[in-house]
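A.B. asks:
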Amino acid sequence: AADYHPHGAHSGNVAQNENMGVTSLSWSASRFEPAALVIGFSSGRVAIHRYDDARRSWVEAVRLPGHERGVLDVAWAPNVGRSYHWIASCGKDGLLM
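At position 8 of the sequence shown the residue is numbered 116 (our numbering), and the sequence of numbers has no breaks.
1. Would you check if the distance between the CB atom of Glu-168 and the CB atom of Gly-152 is smaller than 8 Å?
2. Would you mind reading off the limits of the beta strand (DSSP E) that contains Phe-140?
3. Out of curiosity, what's the CA-to-CA distance linking Ser-119 and Cys-198?
4. Give me, in chain order, the residues of the same chain whose beta-carbon lies closer than 6 Å to that of Trp-184; leave out the 5 immediate sequence neighbours on both sides.
5. Are Ile-156 and Leu-180 touching if we call contact CB-CB under 8 Å?
Take a look at the structure:
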């Protein structure tokens, strides 16, 4: 069950509108940015979620290009020496993005 939060956000329920839920996730290893993870869903959606301290829950920050069918795996590459992130996803549609 999801925890109640006064601002209307619910934790533990990221996949509430997805067909079968979360199929994969990968944490950002950055120590200099807020906690973040990339999540792949059975619907084909891929999104970055960040932890919101004020709400005390995870919120979708960015929706990435998805897959026509379910996501098989996602990976967040270390960003050592780069000012940007590399995120990969592969899906049942045979694409690696």
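Here a beta-carbon is modelled for each residue, glycine too, at the ideal position from N, C-alpha and C.
C.D. replies: In this structure, then:
1. One-based indexing of the sequence shown puts residue 168 at position 60. One-based indexing of the sequence shown puts residue 152 at position 44. Not in contact: Glu-168 and Gly-152 (Cβ atoms no closer than 8 Å).
2. In the sequence shown, residue 140 corresponds to position 32, counting from 1. Taken as a continuous stretch (DSSP letters only), Phe-140 belongs to no beta strand (DSSP E), as it is neither H nor E.
3. On the sequence shown, residue 119 is found 11 positions in, with the first residue counted as 1. On the sequence shown, residue 198 is found 90 positions in, with the first residue counted as 1. Per-residue confidence for Ser-119 stands at a pLDDT of 44, beneath the threshold of 50, marking its modelled position as unreliable; the derived number appears in the next sentence. If you take the alpha carbons of Ser-119 and Cys-198, they lie about 26 Å apart.
4. The count along the sequence shown starts at 1 and reaches residue 184 at position 76. Cβ neighbours of Trp-184 beyond the five flanking positions: Ser-134, Ser-136, Val-146 and Ile-195.
5. As a position in the sequence shown, residue 156 is number 48, starting the count at 1. As a position in the sequence shown, residue 180 is number 72, starting the count at 1. Ile-156 is not a Cβ neighbour of Leu-180, given a cutoff of 8 Å.
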